[in-house]
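Using the numbering used here, you'd call the opening residue of the sequence shown number 4 and step up by one each time. Even for Gly, the Cβ is constructed at its ideal location relative to N, Cα and C. What you are looking at is a predicted structure, and each value in this text was computed from that prediction instead of being measured.
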Amino acid sequence: MVEENKIEVIANTPENDEPEVVLDVKNLSVGFTVRGKKINVIRNISLKVYKGETLAIVGESGSGKSVTTKTFTGMLDSNGRVTGGSIMFHGEDIAKYTTNAEWQPIRGKKIATIFQDPMTSLNPLLTIGFQISEVLRLHHGLNKKEAKEEAIRLLKKVHIPNAESRYNDYPFQYSGGMRQRVVIAIALACRPEILICDEPTTALDVTVQAQIIALIKELQQEYHWTTIFITHDLGVVANVADRIAVMYGGQIIEYGTVEDIFYRPAHPYTWALLCSLPQLGTKDEPLSYIKGNPPSFSSEIIGDAFAPRNEYAMNIDFVKEPPMFQISETHCAKTWLLDPRAPKVQKPKVIEELHERMKNAAKELKRQEGVEE
Numbered sequence: 004m005v006e007e008n009k010i011e012v013i014a015n016t017p018e019n020d021e022p023e024v025v026l027d028v029k030n031l032s033v034g035f036t037v038r039g040k041k042i043n044v045i046r047n048i049s050l051k052v053y054k055g056e057t058l059a060i061v062g063e064s065g066s067g068k069s070v071t072t073k074t075f076t077g078m079l080d081s082n083g084r085v086t087g088g089s090i091m092f093h094g095e096d097i098a099k100y101t102t103n104a105e106w107q108p109i110r111g112k113k114i115a116t117i118f119q120d121p122m123t124s125l126n127p128l129l130t131i132g133f134q135i136s137e138v139l140r141l142h143h144g145l146n147k148k149e150a151k152e153e154a155i156r157l158l159k160k161v162h163i164p165n166a167e168s169r170y171n172d173y174p175f176q177y178s179g180g181m182r183q184r185v186v187i188a189i190a191l192a193c194r195p196e197i198l199i200c201d202e203p204t205t206a207l208d209v210t211v212q213a214q215i216i217a218l219i220k221e222l223q224q225e226y227h228w229t230t231i232f233i234t235h236d237l238g239v240v241a242n243v244a245d246r247i248a249v250m251y252g253g254q255i256i257e258y259g260t261v262e263d264i265f266y267r268p269a270h271p272y273t274w275a276l277l278c279s280l281p282q283l284g285t286k287d288e289p290l291s292y293i294k295g296n297p298p299s300f301s302s303e304i305i306g307d308a309f310a311p312r313n314e315y316a317m318n319i320d321f322v323k324e325p326p327m328f329q330i331s332e333t334h335c336a337k338t339w340l341l342d343p344r345a346p347k348v349q350k351p352k353v354i355e356e357l358h359e360r361m362k363n364a365a366k367e368l369k370r371q372e373g374v375e376e
């Protein structure tokens, strides 16, 4: 079982040197119209999602994580639209889709989403069994009997006890963790190629969080889907991700393998996120946090969006947006500190000692597990 908040990097990097790209996002921009004013929220994002991997998208609330992935299923709010760039999926630019008829073969069937609150996905007036069976009949053409049998099998697959008797229960009769398992079962019913997990464990207690993460990993290995995992908790990321995209101010500001981000972070915002992990602190240190607030999209962002909160910011950060610097074949970051002309800076103590602190945190957790056993 995967334990929540365990700080130990466990990656499953694809074995092939050149894994298959299933989703290719280039220069994606998204805007919203609010009270007659156009606001740019996602600003020129580019990333590749590889077959069979788990890509984690991390960042504070309001950084653009969920908005980005909503463009993959055409689920932007009515006042939002893709204003630039492309999203290539099976040779089609799905960023150009504008109607439900175009999205129907993709949404759910090819790319499914598990949301933070399962009650936003479940109809409280319909039984659990009906809601799973309806998906099976719609996407796979099963008759009523076949759909019920398959729905019960899926409930068992996601470890719902007494699945046959609970088939006719309503969502309010399930706990929060069980409702999240039902949402996973509905996603399974669609047999998606890509599963988007939008902070699926945030509303759950720590023990249930660990169970849901373990279940998602177990089913991914069995069904070989690709996972996009959205979270603000880097403790979760260390256990589930192959690659990590760090978002801030509607942009990806660092991208790399899980080892790149945890052992060789390059952007001051990534440093700040890692320093904020309680598991990496020591008893003689105050708990670290990121001062200030994320940027508002209501006005134009000039320079580096993180500059007002960045203690390492230089004058250029306030006037000119940094380019994405390539650090290695798998790692890049969007910060002027990587420019050859930039002064060398002393990284935070936690970052300098990151490798050792992560080892100590993992050892402490194993010690606690031994005591509990």
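DSSP state of residue i mapped onto helix, strand, coil
i: V161; result: coil
i: M250; result: strand
i: K147; result: helix
i: G3; result: What the structure shows of the chain is the stretch from 4 to 376, and residue 3 is not part of that stretch, so it cannot be assessed.
i: G88; result: strand
i: V24; result: strand
i: K29; result: strand
i: I13; result: Note that I13 scores a pLDDT of 42, beneath 50, so its modelled location is shaky; the value from the coordinates is reported in the next line. Here I13 sits in coil by DSSP.
i: K51; result: strand
i: L128; result: coil
i: Y100; result: coil
i: F118; result: coil
i: Q329; result: strand
Residue i vs residue j beta-carbon contact at 7 Å
i: F328; j: G306; result: no
i: L129; j: A192; result: no
i: V186; j: V61; result: no
i: I114; j: F75; result: yes
i: S168; j: K151; result: no
i: E202; j: Q119; result: yes
i: P325; j: G252; result: no
i: Y266; j: I256; result: no
i: R182; j: P121; result: yes
i: A59; j: F309; result: no
i: P174; j: L141; result: no
i: V85; j: G67; result: no
i: K54; j: T204; result: no
i: T338; j: H270; result: yes
i: T333; j: D263; result: yes
Neighbour flag for residue i against chain C, beta carbons, 7 Å
i: K148; result: You won't find chain C in this structure, because it holds only one protein chain.
Cβ-based neighbour list, residue i, same chain, cut-off 8 Å, excluding 5 preceding and 5 following
i: I42; result: G34, F35, T36, F300, S301
i: Y292; result: S279
i: L283; result: I10, L277, V353, L357, R360, M361, A364
i: L218; result: V161, H162, R184, I187
i: K51; result: V24, L26, D27, V28
i: E375; result: Since pLDDT at E375 reaches only 47, below the 50 mark, its modelled position is unreliable, and no value is offered.
Which listed residue (the options) has its alpha carbon closest to that of residue i
i: R360; options: K286, A345, P326; result: K286
i: N296; options: S64, R38, Y100, I60; result: S64
i: H235; options: V25, S69, V44, N47; result: S69
i: Q107; options: E95, G77, K294, K337; result: G77
i: K159; options: T338, R184, K366, D96; result: R184
i: E221; options: L125, V161, V239; result: V161
i: R194; options: R110, T205, S178; result: R110
i: Y177; options: I131, I189, K147; result: I131
i: R156; options: D263, D208, Y170, N313; result: Y170
Close beta carbons around residue i, own chain, < 7 Å, minus the five adjacent residues each side
i: T16; result: Any answer about T16 is weak, because its pLDDT of 45 lies below 50 and its placement is not dependable; what the coordinates show is given next. Contacts found: D245, T260.
i: T101; result: none
i: P311; result: G295
Own chain, CB closer than 6 Å to residue i, minus 5 neighbours either side, in chain order
i: N318; result: none
i: P351; result: W274, C278
i: I90; result: V28, I97, A98
Integer Cβ distance of residue i from residue j, believed to fall under 8 Å
i: L31; j: I48; result: 4 Å
heavy atom of the ligand ATP below 6 Å from residue i C-beta
i: A154; result: The ligand ATP is not among the ligands present in this structure, which contains no ligands whatsoever.
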